Amino acid sequence: MDYEAVWKVLSDLSVELQGAGEEIPPEVIKNLNLAKTLVGILKVDPENIDGLRMIEEHLSSTESYLITAAQRRLGSRRAGEWERRIAEARRDLSKVGYKPVRRFIPGLPRDRSWVRIRPPDEVPMDRVKALAGEEGLEARVQEDGYLLVCGDKGRIRRFLSRIAKQLRKR
């Protein structure tokens, strides 16, 4: 399943609902944002089974609310169209694989792995930087608010797992 595609459809639906006057509860928006963050983590660590489960939970609860709101606000015909779009995005589970994207970052040695993350509001930036330091990783905040974490690939995976555990606690 292309979780990013499912997230995009749900995000588009929430925008349409807001345009139609629907007030979307903060916890629904929070679930949508957490799903997006976890999709980013999944791209770096595709074997993270807990991450997959959490993405499914957040996307499913968001979908449930948004489809119900769409039936109420947009009518059953339009809600059915959105359900079909979501089902289409969910269809290709086995065809999508996430691979880390290698891009050039000035100042990083080529022999090191890296990941850029934007920590969710539930986990403060200082805590995320501390977790990176505990794993022996270099972490620096970039101008756009993302945290660049670099070091050994195995340590980055452990770091991302610890971030996911922090999210589960909340």
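Numbers in my numbering are just positions in the sequence shown, counted from 1, shifted up by 453.
Glycine residues also receive a C-beta, built at the ideal position from the N, C-alpha and C atoms.
On a predicted model such as this, the values are computed, not experimentally measured, just so you know.
Nearest to residue i by CA position, among the options, is which residue?
{"i": "residue 538", "options": "464, 497 and 618", "result": "464"}
{"i": "residue 582", "options": "566, 522, 615 and 607", "result": "615"}
{"i": "residue 612", "options": "484, 569, 505 and 487", "result": "569"}
{"i": "residue 566", "options": "573, 544, 592 and 507", "result": "592"}
{"i": "residue 487", "options": "531, 510 and 610", "result": "510"}
{"i": "residue 542", "options": "516, 610 and 502", "result": "516"}
{"i": "residue 610", "options": "501, 470, 473 and 466", "result": "501"}
If I measure Cβ to Cβ from residue i and keep anything under 8 Å in the same chain, skipping five residues before and after, which residues do I get?
{"i": "residue 478", "result": "518"}
{"i": "residue 547", "result": "Model confidence at residue 547 stands at a pLDDT of 41, short of 50, so the residue's coordinates are unreliable and nothing is read from them."}
{"i": "residue 470", "result": "477, 519, 522, 523, 526 and 527"}
By Cβ distance, which residues of its chain are closer than 6 Å to residue i, with the 5 residues on each side in sequence left out?
{"i": "residue 605", "result": "none"}
{"i": "residue 507", "result": "491"}
Residues in its own chain within less than 7 Å of residue i by CB, not counting five upstream and five downstream?
{"i": "residue 553", "result": "Low confidence applies to residue 553: its pLDDT is 42, below 50, so where it sits in the model is not reliable enough to give any reading."}
{"i": "residue 608", "result": "588, 589 and 590"}
{"i": "residue 475", "result": "522 and 526"}
Closer than 7 Å: is that where the CB of residue i sits relative to any heavy atom of the ligand ATP?
{"i": "residue 511", "result": "No copy of the ligand ATP appears in this structure; indeed no ligand is present at all."}
Is the distance from the Cβ of residue i to the Cβ of residue j below 8 Å?
{"i": "residue 617", "j": "residue 494", "result": "yes"}
{"i": "residue 481", "j": "residue 456", "result": "no"}
{"i": "residue 627", "j": "residue 620", "result": "This structure cannot speak to residue 627, because the chain is shown only from 454 to 623."}
{"i": "residue 489", "j": "residue 460", "result": "yes"}
{"i": "residue 529", "j": "residue 484", "result": "no"}
{"i": "residue 599", "j": "residue 580", "result": "no"}
So residue i is in the beta strand (DSSP E); what residue range does that whole segment cover?
{"i": "residue 604", "result": "600-604"}
{"i": "residue 473", "result": "Careful: residue 473 lies outside any beta strand (DSSP E) and carries neither H nor E."}
{"i": "residue 536", "result": "Segment 529-543 is the alpha helix (DSSP H) holding residue 536; no beta strand (DSSP E) there."}
{"i": "residue 591", "result": "591-594"}
{"i": "residue 569", "result": "566-570"}
Between which two residues does the alpha helix (DSSP H) carrying residue i extend?
{"i": "residue 477", "result": "Note, residue 477: premise wrong, no alpha helix (DSSP H); not H, not E."}
{"i": "residue 581", "result": "578-587"}
{"i": "residue 525", "result": "502-526"}
Inset, instruction - Mind the definition here: the stretch 593-609 touches the stretch 505-521 only if three or more C-beta pairs lie below 8 Å; say whether that holds. - result: The answer is no - the stretch 505-521 does not touch the stretch 593-609, with fewer than three Cβ pairs under 8 Å.
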